[in-house]
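Residue numbers (the working numbering): 116 to 795. Glycine included, C-beta positions come from ideal geometry on N, C-alpha and C. Remember, it's a predicted structure, so these values are computed and weren't measured experimentally.
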């Protein structure tokens with residue numbers, strides 16, 4: 116059997132983490148400097164926002180003149196302004212006050228109003244304790260009446276007596292919820308911390324023209340006059356759609372969580388042909404809808420259409436409570452012809468005549484010669500209540516994709532497998548090299564902090580461990596899958612050799628003995644694989660087994676995935692630290708951004724040098740050869756591996772970055788001037 120090397124595809128996975136997305140911005144800087152490009156980019160939450168920027172970066176890069184694209188250094192210089200503008204936007208994000216906590220903001224006014232409440236903590240506690248008592252009577256005990264009157268007086272002062280009476284009359288069974296909703300509505304905070312009229316700010320960060328980052332921005336020594344005449348960059352065109360990227364070979368997959376169904380969905384440019392392939396492959400799973408058959412997070416629904424890129428990213432980043440759930444119609448403009456099929460599906464499901472007329476012929480072409488069975492399948496799908504519930508409706512809204520899957524590796528794997536299905540390729544033809552960016556570190560505490568912790572410390576520590584365990588489990592999943600996949604492939608290859616030898620032996624037997632041997636072999640094969648082996652006749656049994664083995668080897672084994680994991684050493688900023696009141700510090704933001712860059716350069720050089728050592732320079736494809744040449748250029752001759760380790764020494768700055776044009780090089784990056792090593 117021929118053993119050819121599979122084609123290497125590359126994926127880039129960015130995860131969620133709010134302000135931690137600064138680390139991903141640094142990773143993008145490293146990929147920019149090393150010419151790294153990817154076949155598929157996936158993201159959730161803030162990782163979705165960064166994914167769309169990186170797709171926009173590749174969009175512009177692939178439109179550069181061919182002579183510029185062929186010269187890596189010239190291409191870097193042409194794209195450098197856009198990347199520096201991206202970093203500048205990240206560092207000025209607190210100025211946008213995405214979460215406005217100023218004195219005149221809704222949050223500030225709510226705080227001031229709460230301070231004026233003439234209620235003590237014991238009074239509030241006793242009222243809440245009674246309201247949550249499952250055995251409480253319809254009327255509160257006499258001792259609570261004075262406190263209720265005090266609360267009613269405070270609410271009447273703020274809401275008005277008529278509103279209080281309305282709540283008592285129409286919401287007697289839900290007093291607390293309605294009173295709280297009505298009170299928060301005074302500050303436009305009844306739906307989210309960021310009011311509807313202010314949630315445009317996150318979009319503004321990526322669409323407002325901004326100048327490239329300069330060292331003077333970091334030191335604060337630049338005034339507005341110095342900005343005059345500088346080229347300004349819009350990070351993402353607000354009208355860009357995911358189809359625009361796909362047409363240049365940039366495939367983006369962003370996660371979103373359906374608020375109604377609780378299911379994970381993928382924002383991607385999906386043609387009717389791709390949707391038909393998806394149905395053909397996965398409809399049986401949707402029909403088995405249920406927590407015992409299809410657990411939350413185990414399936415990624417695709418629908419036909421062409422989302423607006425930035426809106427799809429904003430949808431993926433709707434952190435629950437901070438932002439209001441996002442409307443589907445804001446992602447998929449009904450005016451786009453590419454979305455007409457989607458709106459037919461939203462309103463009528465698979466029973467809609469337009470959906471049926473477009474999808475059924477494609478299904479028949481996918482499975483020629485089985486028209487009757489395809490017709491039966493379509494009838495079953497139309498009648499399936501679980502499928503109708505599973506697909507979105509026109510009124511559906513969405514929250515943070517990271518709420519269900521914060522590390523969307525599987526969306527990248529799906530992309531490769533779906534591409535192979537559409538082109539008639541097999542999983543042995545390609546492998547996926549997946550660069551996964553993590554926004555968390557191992558939760559360690561000092562020994563003296565473990566002796567007698569307070570209750571809130573125990574709870575916090577436990578939650579950190581749970582989250583880390585989930586991430587580690589996901590990180591190791593592909594290693595486990597690859598191990599079983601390789602073993603399955605080896606067994607199938609050995610079986611192929613045995614079958615060839617068996618075929619020769621049977622050929623030497625007379626017809627009677629050959630027939631007996633074939634019947635015996637068929638019986639044994641059917642006993643071992645009753646459901647999966649389709650053969651029913653002993654005639655040509657070896658050819659049947661060989662065909663079945665080849666199909667298993669080429670289509671039923673898992674795709675080979677190599678994960679390249681890029682972890683931070685520490686996280687100086689936490690998820691919601693977008694303002695100084697919430698914990699934002701500029702020096703911490705710079706630390707995160709530079710760490711993302713030098714960690715990635717470290718990782719790339721270590722990985723590629725190891726491959727050259729093991730396999731030789733010529734074994735790298737053109738993409739990796741270019742990346743290794745560039746990473747050697749930027750990390751310089753001072754780069755070295757720590758003794759006894761295959762990874763660069765993370766404790767000491769053992770190399771100095773040669774990219775002196777970087778805004779962080781002078782005094783802001785540990786591998787810049789701070790490294791104290793000579794620049795070549």
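- Bridge partners of residue 122 according to DSSP: 545.
- Residue 678: member of the beta strand (DSSP E) spanning 675-681, first to last residue.
- With at least 16 other beta carbons inside 10 angstroms of its own, residue 326 counts as buried.
- Annotation: the continuous beta strand (DSSP E) that includes residue 515 extends over 512-515.
- Here residue 353 is exposed: its Cβ has fewer than 16 other Cβ atoms, across all protein chains shown, within 10 Å.
- Per DSSP, the unbroken beta strand (DSSP E) holding residue 373 starts and ends at 366-373.
- Looking at the DSSP output, residue 441 sits in a beta bridge with 513.
- Per DSSP, reduced to three states, the secondary structure at residue 387 is helical.
- With contacts defined by Cβ atoms closer than 8 Å, residue 699 and residue 688 form a contacting pair.
- Only exposed fits residue 729, as fewer than 16 other CB atoms lie within 10 angstroms of its CB.
- Exposed is the label assigned to residue 233, since fewer than 16 other Cβ atoms lie within 10 Å of its Cβ.
- For residue 351 and residue 161, the gap between their C-alpha atoms comes out near 15 Å.
- Of the residues 461, 214 and 710, the one whose Cα lies closest to the Cα of residue 438 is 214.
- Inclusion of residue 158 and residue 129 in the CB contact set at 8 Å is warranted, their separation being smaller than that value.
- Proximity of the region 418-430 to the region 302-311 falls short of the contact definition, fewer than three beta-carbon pairs being nearer than 8 Å.
- Taking C-beta separations shorter than 8 Å and ignoring five residues to either side along the sequence, the partners of residue 121 in its chain run 543, 544, 545, 546 and 675, following chain order.
- Annotated three-state conformation of residue 552 is strand, per DSSP.
- Under the three-state reduction of DSSP, residue 435 is assigned to strand.
- Uninterrupted beta strand (DSSP E) stretches at least 3 residues long and entirely within the region 716-748 do not occur.
- Rounded to whole angstroms, the gap between the alpha carbons of residue 255 and residue 518 is 39 Å.
- A buried status is given to residue 417, since no fewer than 16 other beta-carbon atoms sit within 10 Å of its beta-carbon.
- Under the three-state reduction of DSSP, residue 214 is assigned to coil, being neither helix nor strand.
- Beta bridge pairing from DSSP links residue 382 with 369.
- When only Cα atoms are considered, residue 481 and residue 136 end up about 41 Å apart.
- Residue 156: member of the beta strand (DSSP E) spanning 155-158, first to last residue.
- Closest in C-alpha terms to residue 345, from the list 199, 786, 246 and 472, comes 199.
- In the three-state reduction of the DSSP assignment, residue 705 falls in the helix class.
- Inter-residue distance for residue 331 and residue 702 is about 14 Å (C-alpha atoms, whole angstroms).
- With distances taken between CA atoms, residue 204 lies nearest to 141 out of 141, 183 and 228.
- Rounded to whole angstroms, the Cβ separation of residue 515 and residue 431 is 7 Å, and the two are in contact under 8 Å.
- In the same chain as residue 402, and ignoring 5 residues on each side of it, the C-beta atoms closer than 7 Å to its own belong to 499, 501 and 502, in chain order.
- DSSP, reduced to helix, strand and coil, places residue 686 outside both helices and strands of the structure shown, so it counts as coil.
- If you draw a 10 Å sphere on the C-beta of residue 317, you find 16 or more other C-beta atoms in it, and that means buried.
- For residue 155, the CB contacts under 6 Å within the same chain, skipping 5 residues up- and downstream, are 126, 366, 527 and 530 in chain order.
- Distance check between residue 524 and each of 551, 505 and 504 places 551 closest, using alpha-carbon atoms only.
- The secondary-structure analysis by DSSP pairs residue 416 across a beta bridge with 380.
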